[in-house]
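Colleague:
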Amino acid sequence: MKLVISSSELLKAVMSVSKAIPSKTALPILENFLFVLEDRKLSVTASDSELTLKTTIDVDLADEEGKIAVPARQVMDLLKELPDQPLTIKTVSDSSFECSWTSGTSTMPYFPADDYPEISTVGEDAQKVVFPAQSLVEGISNTVYATADDEIRPIMNGILFDIDAGSTTLVASDAHKLICYTTTDVAAPEKCSFILHKKPANVLKSIIGKDTESVEVSFDAKNVVFGFAKTLVLCSLITGTSPQ
Numbered sequence: 006m007k008l009v010i011s012s013s014e015l016l017k018a019v020m021s022v023s024k025a026i027p028s029k030t031a032l033p034i035l036e037n038f039l040f041v042l043e044d045r046k047l048s049v050t051a052s053d054s055e056l057t058l059k060t061t062i063d064v065d066l067a068d069e070e071g072k073i074a075v076p077a078r079q080v081m082d083l084l085k086e087l088p089d090q091p092l093t094i095k096t097v098s099d100s101s102f103e104c105s106w107t108s109g110t111s112t113m114p115y116f117p118a119d120d121y122p123e124i125s126t127v128g129e130d131a132q133k134v135v136f137p138a139q140s141l142v143e144g145i146s147n148t149v150y151a152t153a154d155d156e157i158r159p160i161m162n163g164i165l166f167d168i169d170a171g172s173t174t175l176v177a178s179d180a181h182k183l184i185c186y187t188t189t190d191v192a193a194p195e196k197c198s199f200i201l202h203k204k205p206a207n208v209l210k211s212i213i214g215k216d217t218e219s220v221e222v223s224f225d226a227k228n229v230v231f232g233f234a235k236t237l238v239l240c241s242l243i244t245g246t247s248p249q
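Below you can see the structure in the form of structure tokens.
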């Protein structure tokens, strides 16, 4: 792998997905970002196995395509120290890669991309709806605080998205309070629903920018994918509610 990219653009990309890097994990490979260079685009993926964030950015130069898993903390610490400038990233051996810029270089270890767990996504039969971005942010903001922390009833730890032909309602409850948020901005040809855990809901709320116009939502009985502005948020559903 060899590419040239803006250091500030790469920093924005890794920071936007870093919320999915687990603080503790039984799989050390998940402490890394997955870099995939293809067609002059670099995709950056982070995952804790239940929540996955992926973003794609253009590169200035791509000499050798490839994919590697790079240490998240070390990469972020380096990029935070650099002013905006062209950054060259290239693999220099079977286990290390080099970052070079105007005034210096840094060599770090990397791990085979094949060691990174396969990310599950939705099937071909997935239901799709489109949310105006700010309606989604507002709906999550108005309901997520009412979700519970219940180990016995995990279904209470998320937001129910109840989508119908005329409107969509978001519902959350901790058994003491019940909050409903209804919008007519989102509708589906047929009634369908899913329950989104509070963690990805909070992450979504924090990374959807004010300049984002819409979010495409695809979901089946197991997973849901939110797509917007070259970013994908993939997560497992709390319960297998599927299109009705």
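Using the working numbering, the first residue of the sequence shown is number 6, and each one after it goes up by one.
For each residue, glycine too, the CB sits at the ideal point set by N, CA and C.
(1) Name the residue from Asp44, Thr50, Met6, Ala153 whose alpha carbon lies nearest to the alpha carbon of lysine 24.
(2) Going by beta carbon distance, what residues of the same chain come within less than 6 Å of proline 248, once the five residues before and after it are set aside?
(3) Going by DSSP in three states, leucine 183 sits in which element: helix, strand or coil?
(4) Would isoleucine 213 and leucine 165 qualify as a contact pair, given that the criterion is a beta-carbon distance under 8 Å?
(5) At what residue ranges does the stretch 71-153 contain a whole run of the beta strand (DSSP E), taking only runs of 3 or more?
(6) Determine which residues share a DSSP beta bridge with glutamate 43 and list them.
(7) Just checking my contact of alanine 74 with isoleucine 34 at CB under 8 Å: how many whole Å lie between their CB atoms?
(8) Any idea if aspartate 155 is buried or exposed, counting beta-carbon neighbours within 10 angstroms, 16 or more meaning buried?
(9) Quick check on this structure: which residue in Glu86, Ser52, Asp44 has the alpha carbon closest to the alpha carbon of glutamate 69?
(10) Looking only at its own chain, which residues have a Cβ that is under 8 Å from the Cβ of asparagine 162, when we skip the five neighbours before and after it?
(11) Spatial neighbours of tryptophan 106 within its chain, please: CB distance less than 8 Å, with the 5 preceding and 5 following residues excluded, ordered by chain position.
(12) Per DSSP, what kind of secondary structure is isoleucine 34 in: helix, strand or coil?
(13) Apart from the five residues just before and just after valine 22, which ones in its own chain have a Cβ nearer than 6 Å to its Cβ?
(14) Take threonine 96 as the anchor and find which of Asn37, Asn207, Lys7 has the nearest alpha-carbon.
(15) For valine 135 versus lysine 210, is the C-beta spacing smaller than 8 Å?
(16) Jot down the residue ranges of each uninterrupted beta strand (DSSP E) in the stretch 188-225, minimum 3 residues, whole runs only, in chain order.
(17) Among the candidates Lys29, Pro122, Pro137, Asp63, whose CA atom is the shortest distance from the CA of threonine 189?
Modeller: According to the structure shown:
(1) Closest by alpha carbon: Thr50.
(2) No answer about proline 248 holds up, because its pLDDT of 41 lies below 50 and its placement is not dependable.
(3) Reduced to three states, the DSSP call for leucine 183 is strand.
(4) No; because the gap between Cβ atoms is not below 8 Å, this pair is not in contact.
(5) Listed in chain order, they are 71-76, 91-96, 101-106, 109-114, 132-137.
(6) In DSSP, glutamate 43 forms a bridge with Lys46.
(7) 6 Å between Cβ atoms; contact.
(8) Exposed, by the Cβ-count rule.
(9) Nearest of Glu86, Ser52, Asp44 to glutamate 69, Cα basis: Asp44.
(10) Result list for asparagine 162: Thr152, Ala153, Asp154, Asp155, His202, Lys203, Ile243, in chain order.
(11) So the list reads Ser12, Leu87, Gln90, Pro91, Leu92, Thr93, once near-sequence residues are dropped.
(12) Reduced to three states, the DSSP call for isoleucine 34 is helix.
(13) Excluding residues within five positions, the ones whose Cβ falls inside 6 Å are Val49, Ala51, Leu58, Thr60.
(14) Residue Lys7 is the option with its Cα nearest to threonine 96.
(15) Judged by beta-carbon spacing, lysine 210 lies beyond the 8 Å limit of valine 135, meaning their Cβ atoms are not closer than that value.
(16) Annotation note: the stretch 188-225 contains the following uninterrupted beta strand (DSSP E) runs of length 3 or greater, listed N- to C-terminal: 197-202, 219-224.
(17) Considering only alpha carbons, the answer is Pro137.
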